[in-house]
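Comments concern the structure below.
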Amino acid sequence: MSELEIIEAALFVAGRAVSLEKLAKIAGKPKKTVLSAVKELIEAYSSRRSGIEILDLGERYVMQVKPEYSELMREIAPKELSAPKLRTLSMIAYHQPLLQSDLIAMRGSVAYDHIKDLIERGFVKSVPCGRSRQLSTTPLFADYFGLKRNDPKAIREKILELLRSQGGQSEISHWIGKKTIIVTPMYESLMDMCGIKEYFVTNAYSPSKEEISHLLEADVVVISAGYSDTVRQYCDGKILEVHSTTFEDLIDALNLLVEELPDEVDLKTVENNIKKIRETRERYVSSAVLIKKKVKPATKMVSRIVNDLSLGISADGILIAPDYGVSKSGVKIEKGAQILIPTHRSVEGDLLQRVSAKYDSILEGLKKFDN
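Under the numbering used here, the first residue of the sequence shown is numbered 381, with each subsequent residue one higher.
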């Protein structure tokens, strides 16, 4: 059996992009040898009259139906399972019979939609069990995934065998237990504040090809509030929108992650950071008591900080605006502003430092007017 045949079989079975590293592991050959074989396969499929092609996605390769034949195949092709749905199915298959309530506790509420789809496809059956329902795989599941019989023990052993070959214990944990978490760069420090160790940092708003592949496999994506529609086109998992304007926003974000990711967060770390945030806020609120000047917030964001500091508001007060220039509607926000608040793109540091910078800009600016 040549490496060419092994690689061709691996790409055929995978049904998705496979990395060069994984192909090398499967073939038991050096990357250089495998790369040469992949290029030979790509050339072979390109030169023959075939409805199949192999695409190079940058050290990741996928075998697929050529675009001109995709519509013809739509009627007979099985609907592709997204990575999050496949993860849900893997957990049902591995832990079966599994209570639906236990699965939701492990996977989050987004799994309700996964379960419904898997039942409709015929891969999973659901029967009443007390106040919950009991989930298990069907004979169709065994047929579809090439298993001889729908035996829970045999399925569990097969899953472990496949996962060990792909990446050992980390791969096993990934597919049958732990969630895949993605955060945008700004919220990386939020993970540290929660004690979450395993996550990916990705530009979820305008992702590259590689970043899209990460988003497709994500169970949970943490983003700024207001961007869920943009991110949803790349992600089938749960999207957590968080605010980060005020200190209270940070506390709400931490509490949200505790609620949604109870197995991943470190409660002691969260408690310590919430205490630190509250102490920091109190210092700013105490400083604001001495300020007599009234202000005029230019935006809702500014109003939230001003209200948190209990500053006086007046139509002819000192105009405070964010420094992002022009709003989405084309209005020049900064025009006439006497104090500018730095937005996240114009200040560095972790989230606590970024929020503090907003409060600093207001208090320091107002102190100058008082003087």
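Positions of the beta carbon are idealized from the N, C-alpha and C atoms, including for glycine.
In this chain, E578 is not harboured by any alpha helix (DSSP H), its DSSP state being neither H nor E. Counted as a single uninterrupted DSSP element, the beta strand (DSSP E) harbouring S506 occupies residues V504 to C509. At least 8 Å separates the beta-carbon of T517 from that of A491. Ranked by Cα distance from A473, the options F521, K676 and V445 are led by F521. By the Cβ-count criterion, P702 is buried, with 16 or more other Cβ atoms from all chains shown falling within 10 Å of its own Cβ. Of R487, P477, S489 and D493, the smallest CA-CA separation from K505 is found for P477. For the pair V638 and E423, the Cα-to-Cα distance works out to about 51 Å. Between L630 and V602 the beta-carbon gap is near 13 Å, outside 8 Å, which marks them as no contact.
When the five nearest sequence neighbours on each side are left out, the beta carbons in the same chain lying within less than 7 Å of the beta carbon of E591 are those of T582 and N583, in order along the chain. In the structure shown, D493 falls within a helical segment according to DSSP collapsed to helix, strand and coil. V414 is a Cβ neighbour of A404, given a cutoff of 8 Å. The C-beta of E541 has fewer than 16 other C-beta atoms within 10 Å across all chains shown, which makes the residue exposed. DSSP places V442 in the strand class (E or B) of the three-state scheme. Boundaries of the beta strand (DSSP E) harbouring V600: V600 to S604, taken from the DSSP string. Between the segment 610-620 and the segment 664-684 there are fewer than three inter-stretch CB-CB distances shorter than 8 Å, so the stretches are not counted as touching. Boundaries of the alpha helix (DSSP H) harbouring L466: A463 to H475, taken from the DSSP string.
The Cβ atoms of A397 and Y441 lie closer than 8 Å to each other. Rounded to the nearest whole angstrom, the C-alpha separation of I576 and S569 is 10 Å.
Judged by DSSP in its simplified three-state form, V675 adopts strand. If you compare the alpha carbons of R511, L498 and S470 with that of L479, the shortest gap goes to R511.
By the neighbour-count criterion, in which a residue is buried when 16 or more other Cβ atoms sit within 10 angstroms of its Cβ, S430 is exposed. Burial state of I432 is exposed, judged by a 10 Å Cβ sphere holding fewer than 16 other Cβ atoms. By the C-beta density criterion, R529 is exposed, having fewer than 16 other C-beta atoms within 10 angstroms.
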